[in-house]
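Numbering-wise, the sequence shown is residues 3 to 333 according to my numbering.
C-beta atoms are modelled at their ideal positions from N, C-alpha and C, and glycine is treated no differently.
What you are looking at is a predicted structure, and each value in this text was computed from that prediction instead of being measured.
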Amino acid sequence: MTQTDLLIIGQGMAGTLLSYELMRKGISVFVMDKKNENNTSLVASAVIHPLVGKNWTVAKDAEHIIPIALETYKSIGEFLDADLVRQKSILIFYKDKLAATNFKQQKANGHPYLEVACAYQEAHWNAPLGVGEVSPVYTVDAQNLLDKWRAYLQTRNAYVEDVFQFEDLKIVNDKVQYKDIVADKIVFCEGAIGRYNPYFSALSFTHNRGDALLLSVPQLSSEHIYHKDFRLVPHRNNLFWCGSNYIWEYDSLAPNIEWRTHIEKELRTWLKLPFEIVNHWVAERPTTAGQQSYLLQNQEHKNVYFFNGLGTRGFSAGPSLAKEMSSFINK
Ligand SMILES: Cc1cc2nc3c(=O)[nH]c(=O)nc-3n(C[C@H](O)[C@H](O)[C@H](O)COP(=O)(O)OP(=O)(O)OC[C@H]3O[C@@H](n4cnc5c(N)ncnc54)[C@H](O)[C@@H]3O)c2cc1C
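Below, the structure is given as structure tokens:
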């Protein structure tokens with residue numbers, strides 16, 4: 003029998019950040035994950051930035067969530083001896099005159115994150131309307147974070163790779179039991195698939211999928227993120243993440259070939275360097291109506307919790323939400 007304070011289902015960003023916060027408080031956790039190399043947290047571009055929407059609007063909570071995110075990734079990085087977060091800037095290639103005017107106007111009005119673009123390799127791009135810059139932003143090495151955190155949990159005998167089945171869960175008074183694991187509480191961190199969780203079935207999830215490409219662009223500098231209608235984001239192994247789209251109605255997670263063809267065509271007019279597509283991923287974002295995150299306790303079974311709805315901002319807002327969730331569970 004394994005005895006633990008908390009059983010956590012899912013080791014994407016939600017399960018990773020929450021288990022880290024709980025362990026920081028001296029609470030024992032046991033994490034179960036079905037280990038999917040295409041899970042949303044690994045398909046994401048993993049950018050932390052302060053803006054929302056298309057008009058350079060600063061997120062209302064940016065001043066709160068970004069310092070917490072940076073402190074959290076720094077502290078997990080030190081704990082795991084891993085370099086998890088890098089400061090970057092986003093070079094904004096104006097797609098039309100209106101975008102250029104809007105950017106310059108906001109900069110003139112004192113927008114704190116917009117800059118006139120720094121020096122960059124102009125010979126590598128077609129940029130007839132000019133370039134602006136958003137700074138600072140950050141990228142997280144999600145693969146390294148998830149792999150190293152899993153390896154750490156394994157050294158503590160606190161991780162199992164398995165598919166959680168609801169019919170095997172027993173809730174008896176103040177304990178939950180799943181096969182040979184006995185815990186005081188269980189927290190579901192299943193990402194988008196959480197919309198089917200029978201303990202939290204009345205929630206307003208929306209369906210949203212995104213495609214992303216992995217590109218090899220050997221001559222491109224990884225100092226910046228490059229943005230036009232889509233983004234190129236420095237990724238691991240000198241590759242670039244490229245995406246994404248937002249599809250709200252779909253019946254499969256098959257790669258969208260039409261989108262890839264469109265991106266390839268756009269890239270050839272924007273980027274003057276040779277590139278090669280080395281992968282095409284698809285994942286679902288855990289989006290909800292009203293973009294609300296779910297930090298919930300089941301009303302009938304008080305030891306059953308739900309941490310979900312990280313939406314499009316799991317890397318930016320995830321750390322502060324995980325802190326909130328950890329306090330909620332322990333109150
Ligand atoms: C294309 C794309 C780009 C993105 N870019 C960004 C970005 O730049 N910045 C940002 O902040 N956010 C971004 N996001 C959003 C971000 O990825 C999500 O908010 C975040 O990853 C969600 O994390 P999660 O842990 O809730 O879900 P997931 O990453 O999906 O993790 C859930 C985990 O639960 C496991 N699981 C589920 N069911 C079971 C079960 N029954 N048994 C065992 N394990 C189970 C899954 O295998 C998975 O590992 C992006 C998303 C996409 C799709």
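Inter-residue Cα distance where the pair is residue i and residue j
i    : j    : result
S30  : T157 : 13 Å
T74  : W151 : 13 Å
P321 : I70  : 7 Å
Y115 : V162 : 42 Å
K27  : L20  : 11 Å
A101 : Q5   : 57 Å
V54  : K304 : 35 Å
S137 : A144 : 21 Å
F277 : F232 : 16 Å
N240 : P52  : 25 Å
L82  : P236 : 22 Å
Q167 : T103 : 54 Å
K99  : Q107 : 12 Å
F190 : N159 : 20 Å
E268 : T289 : 28 Å
R238 : I279 : 15 Å
N332 : E225 : 41 Å
G17  : F309 : 8 Å
H264 : E39  : 25 Å
I202 : K76  : Here residue 202 turns out to be Phe, not Ile, going by the sequence shown. Each residue's Cα considered, the two are about 33 Å apart.
6 Å Cβ shell around residue i - same chain, five flanking residues per side excluded
i    : result
E23  : A324, K325, S328
A319 : I67
C244 : L215, L217, L234
H229 : I92, I94
N281 : L216
Q299 : Y307
G316 : M15
A84  : N146, K150
Close beta carbons around residue i, own chain, < 7 Å, minus the five adjacent residues each side
i    : result
Q13  : V33, D35, L148, R152
Q123 : S223
R287 : T42, A194, N210, G212, G313, T314
H334 : Examination of residue 334 is not possible in this model, given that the chain is present from 3 through 333 alone.
When the options are compared against residue i, the one with the closest alpha-carbon
i    : options                : result
G79  : H303, Y154, K90, G132  : Y154
Y248 : F242, L241, Q145, N258 : N258
V165 : S77, Y252, I10         : I10
I227 : K90, W58, K56          : K90
Q221 : G311, L205, F242       : F242
S246 : R238, E266, D253       : E266
P200 : Q301, H264, R262       : Q301
W250 : T263, F207, E260       : F207
A61  : N40, Y198, F330, Q293  : Q293
Same chain, Cβ closer than 8 Å to residue i, neighbours up to 5 away in sequence not counted
i    : result
D7   : L24, I29, S30, V31, A185, D186, K187
L72  : I50, V87, Y140
A256 : V284
K109 : L116, E117, V118, G134
L131 : F95, Y96, K97, D98, K99, A101, A102
L171 : V178, Q179, Y180, I188
Mind the definition here: the stretch 43 to 51 touches the stretch 165 to 176 only if three or more C-beta pairs lie below 8 Å; say whether that holds.
-> no
Stretch pair the stretch 273 to 289 + the stretch 126 to 135: three plus CB contacts closer than 8 Å | yes
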